[in-house]
Amino acid sequence: MITLDDLHGRYTRRELTPREHLDRVLDALRGAAQRSPAHAAVRDYNDEQARRAADAATARYASGQALGAFDGIPIVVKDEVDVAGLPTRAGTVYRPSLPAVRDATAVARLRDAGAVVVGKSVQHELGLGATGISPHEALTPRNPHDPRCAPGGSSSGSAVAVALGAVPVAVASDGGGSVRIPASLCGVWGLKPTFGRIPNTGDDNLDGTLGHLGPIARSVEAMERFLRVTAGDDGRCPVARGTPALDLAALDGARDRDLTGLRIGVDPDEWADANPTIAFICREALRTLEKQGAVLRDVSLPLGRHAGAIGFVTMAVESARGHAEEYRRHREQMALDVRLALAIGGRITAVEHQRAQLLRRRLRRQMATLLGEVDLYATPTVAGAAPRVRPRAERAGEADQAVTNDLVRFTFLGNLTGLPALTAPVGVQGARLPVGLQLMGKPWAEATLLAAAYGLERAGYAPPKPAVGVGADW
Numbered sequence: 081m082i083t084l085d086d087l088h089g090r091y092t093r094r095e096l097t098p099r100e101h102l103d104r105v106l107d108a109l110r111g112a113a114q115r116s117p118a119h120a121a122v123r124d125y126n127d128e129q130a131r132r133a134a135d136a137a138t139a140r141y142a143s144g145q146a147l148g149a150f151d152g153i154p155i156v157v158k159d160e161v162d163v164a165g166l167p168t169r170a171g172t173v174y175r176p177s178l179p180a181v182r183d184a185t186a187v188a189r190l191r192d193a194g195a196v197v198v199g200k201s202v203q204h205e206l207g208l209g210a211t212g213i214s215p216h217e218a219l220t221p222r223n224p225h226d227p228r229c230a231p232g233g234s235s236s237g238s239a240v241a242v243a244l245g246a247v248p249v250a251v252a253s254d255g256g257g258s259v260r261i262p263a264s265l266c267g268v269w270g271l272k273p274t275f276g277r278i279p280n281t282g283d284d285n286l287d288g289t290l291g292h293l294g295p296i297a298r299s300v301e302a303m304e305r306f307l308r309v310t311a312g313d314d315g316r317c318p319v320a321r322g323t324p325a326l327d328l329a330a331l332d333g334a335r336d337r338d339l340t341g342l343r344i345g346v347d348p349d350e351w352a353d354a355n356p357t358i359a360f361i362c363r364e365a366l367r368t369l370e371k372q373g374a375v376l377r378d379v380s381l382p383l384g385r386h387a388g389a390i391g392f393v394t395m396a397v398e399s400a401r402g403h404a405e406e407y408r409r410h411r412e413q414m415a416l417d418v419r420l421a422l423a424i425g426g427r428i429t430a431v432e433h434q435r436a437q438l439l440r441r442r443l444r445r446q447m448a449t450l451l452g453e454v455d456l457y458a459t460p461t462v463a464g465a466a467p468r469v470r471p472r473a474e475r476a477g478e479a480d481q482a483v484t485n486d487l488v489r490f491t492f493l494g495n496l497t498g499l500p501a502l503t504a505p506v507g508v509q510g511a512r513l514p515v516g517l518q519l520m521g522k523p524w525a526e527a528t529l530l531a532a533a534y535g536l537e538r539a540g541y542a543p544p545k546p547a548v549g550v551g552a553d554w
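In our numbering, the protein residues as written are 81 to 554.
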């Protein structure tokens with residue numbers, strides 16, 4: 081399966097043109113989706129727009145004037161993120177199919193760098209689910225490594241498209257783990273930058289204190305390039321206003337950084353909540369970083385085990401507020417799990433919400449103290465394996481708290497604190513279901529996270545080949 085770097089190299093050497101590759105991607109995605117729900121990653125296409133962009137990129141490469149590594153690279157964009165010319169429905173069936181009039185800031189910046197938007201990827205309805213299972217039309221892609229299992233959510237289609245090999249990188253978003261959970265379950269890389277690092281302009285679903293835009297990718301290099309292109313204040317996003325500039329020198333050195341002395345914190349009490357096989361695989365990955373000079377240290381995060389509960393209260397209240405009118409008008413058209421989450425959010429009292437935010441502040445202080453002792457904090461990305469897809473869940477939606485708890489057990493921490501976090505594909509368990517290792521860093525220190533990820537990549541960690549794929553021979 082080719083990475084962004086591989087594809088850019090083939091374009092540069094004239095072995096392949098962006099237009100030729102785009103046509104292959106479009107044909108492969110559509111054909112594969114007809115054969116199997118495991119491939120149904122894209123909801124809406126705009127072939128004419130994509131082909132114009134690919135033709136322009138082809139002309140630039142032919143004249144030796146390529147814009148850079150993203151020029152001509154096909155990407156998909158999560159349904160809730162605006163793409164001019166395509167509808168923004170956030171995984172719903174009741175929002176109108178009216179095309180967005182302008183791109184989200186991140187999408188516009190990717191286009192300016194030459195990226196070719198193939199289409200909008202499917203997602204869990206309104207981003208309110210960690211499984212990616214949706215009863216709406218054919219909006220539940222299956223896990224490419226085991227079609228009996230869910231891909232994770234809410235950025236399900238973005239992760240599936242990358243894992244299948246159709247695109248080397250995809251736009252996703254993360255309010256409680258929605259980049260990292262599907263990336264982990266589908267066996268690819270995913271990055272949630274520091275809160276505010278990438279403007280949320282053009283994603284109204286992220287109108288709160290938890291949501292981030294970020295990439296799901298086939299390589300560390302693709303995540304790094306995505307960050308370089310999309311980061312920075314756009315003058316319109318309140319949470320991005322006044323954020324520090326990317327440390328380009330640190331990013332430049334991340335790929336080959338000497339990891340000697342890099343301190344990685346591990347809380348044994350937290351790891352005890354993970355499936356033993358997952359915990360073992362993740363610890364083995366940390367040992368490869370240790371062999372490169374990193375130092376593992378035991379640390380303690382007492383409130384870590386409550387991050388999921390604090391996160392659910394926060395997200396439920398913010399979502400109920402943001403979707404109040406939709407809930408009033410379209411409740412009967414919503415999946416049962418989404419309906420339940422919004423109903424609960426509307427009934428959480430101000431006092432209960434305030435208590436959750438007080439705990440959130442304590443958790444942030446504990447995390448700040450912990451990161452005063454170490455450079456990175458490591459956990460498994462999820463506590464359990466990809467859940468099986470139950471037929472009744474695809475018919476109506478499903479709220480299984482045990483499954484949700486396993487999926488968000490370690491991810492909500494990054495959203496509650498706003499700290500940068502990534503998931504790395506570090507192995508497989510059972511019937512070849514992928515396992516992800518989560519690393520979390522200090523504010524604005526994405527370069528340190530990426531340096532550790534490059535270390536894992538040097539040690540041979542990479543996305544496993546899926547049981548089904550669309551780009552293996554490209």
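We put the CB at the ideal spot given by N, CA and C, even for glycine.
Sequence-distant residues of the same chain with beta carbon closer than 6 Å to residue i, five excluded per side
i, result
"D257", "Note on identity: in this sequence residue 257 is Gly, with Asp being the wrong assignment. Hits under 6 Å: V488 and T491."
"D210", "Inspection of the sequence shows that residue 210 is occupied by Ala rather than by Asp. G233, I261, T484, L487 and V488."
"T83", "P248, R298 and S299"
"R444", "T497"
"D287", "G402"
"N126", "G165 and L166"
"R321", "D313"
"E301", "D85"
Buried versus exposed, by CB contacts within 10 Å (16 or more), residue i
i, result
"E478", "buried"
"S116", "exposed"
"A328", "In the sequence under discussion, the amino acid at residue 328 is Leu, which differs from the Ala named in the question. Its Cβ having fewer than 16 others within 10 Å, L328 is exposed."
"K599", "Outside the displayed span of the chain (81 to 554) sits residue 599, for which this structure offers no information."
"V249", "buried"
"A241", "buried"
"E526", "buried"
"R441", "exposed"
"R203", "It should be noted that the sequence gives Gln, not Arg, for residue 203. It is buried - the Cβ of Q203 has at least 16 other Cβ atoms within 10 Å."
"T340", "exposed"
"P176", "exposed"
"G144", "exposed"
"A415", "buried"
"T461", "buried"
"T429", "exposed"
"P231", "buried"
"D336", "exposed"
"P348", "exposed"
"Q114", "exposed"
Inter-residue CB distance, residue i and residue j (contact presumed, cutoff 8 Å)
i, j, result
"G46", "G89", "Residue numbering for the chain in the displayed model covers 81 to 554; residue 46 lies beyond these limits and cannot be assessed."
"P279", "T168", "The pair is not a contact, with the Cβ atoms about 16 Å apart (cut-off 8 Å)."
"V187", "V251", "7 Å"
"V506", "L536", "7 Å"
"T357", "Q509", "5 Å"
"A458", "L326", "Wrong, their Cβ atoms sit about 23 Å apart, outside the cutoff."
"V393", "E205", "Incorrect: roughly 20 Å between the Cβ atoms, too far for contact."
"S236", "L293", "The Cβ separation is near 16 Å, so there is no contact."
Contacting residues, own chain, Cβ-Cβ under 8 Å from residue i (five flanking each side not counted)
i, result
"P523", "T274, G498, L499 and P500"
"R472", "E478"
"P382", "Q446"
"E453", "R343, G345, R377 and V379"
"R512", "H225, D226, P544 and A547"
"C229", "R222, N223, L265, A465, A466, P467, R468, V469 and L513"
"T333", "Per the sequence presented here, residue 333 reads as Gly, with Thr not at that position. Once the five neighbours on either side are set aside, the close Cβ partners of G333 are A527 and A531."
"D183", "D162, V163, A164, R191 and G282"
"E350", "L381, G384, R385, T459 and F490"
7 Å CB neighbourhood of residue i in its chain, flanking five on each side removed
i, result
"A421", "L208, A396 and S399"
"A539", "T368"
"E100", "none"
"A263", "A239, W269, G270, I296, T503 and G516"
"V309", "F150, R189, L190 and A193"
"D338", "G373"
"R93", "none"
"G494", "K272, A501 and M520"
"L178", "P167"
*Of all the alpha helix (DSSP H) runs that stay within the bounds of the segment 301–347, which reach a length of 4 or more residues?*
Correct list: 328–334.
*asked:* Just to confirm the assignment: which complete alpha helix (DSSP H) runs, minimum length 4, are found wholly within the segment 213–265?
replied: You should have 236–244.
*Runs of beta strand (DSSP E) lying entirely within the segment 463–546, each at least 3 residues, in chain order*: Correct list: 501–509 and 513–521.
*Decide yes or no for the touch test of the segment 463–478 against the segment 372–382: beta carbon pairs closer than 8 Å, at least 3 of them.*
Too few Cβ pairs lie closer than 8 Å, so no.
*asked:* So within the segment 89–125, which uninterrupted alpha helix (DSSP H) runs reach at least 4 residues, ignoring any that extend past its ends?
replied: Complete alpha helix (DSSP H) runs here, min 4: 98–115.
*Any 3 or more C-beta pairs closer than 8 Å across the segment 150–164 and the segment 181–196*: Taking a cut-off of 8 Å on C-beta distances, the segment 150–164 touches the segment 181–196, as three or more cross pairs fall below it.
_So within the segment 267–292, which uninterrupted beta strand (DSSP E) runs reach at least 3 residues, ignoring any that extend past its ends?_
Within the segment 267–292, the complete beta strand (DSSP E) runs of at least 3 residues are 269–272.
*Touching by the beta-carbon criterion (3+ pairs, under 8 Å), the segment 435–445 and the segment 402–414*: With the cut-off at 8 Å, the segment 435–445 and the segment 402–414 do not touch.
*Length-filtered (3 minimum) beta strand (DSSP E) runs lying within the segment 122–159*: Note on the segment 122–159: whole beta strand (DSSP E) runs with a minimum of 3 residues are 122–125 and 154–158, in chain order.
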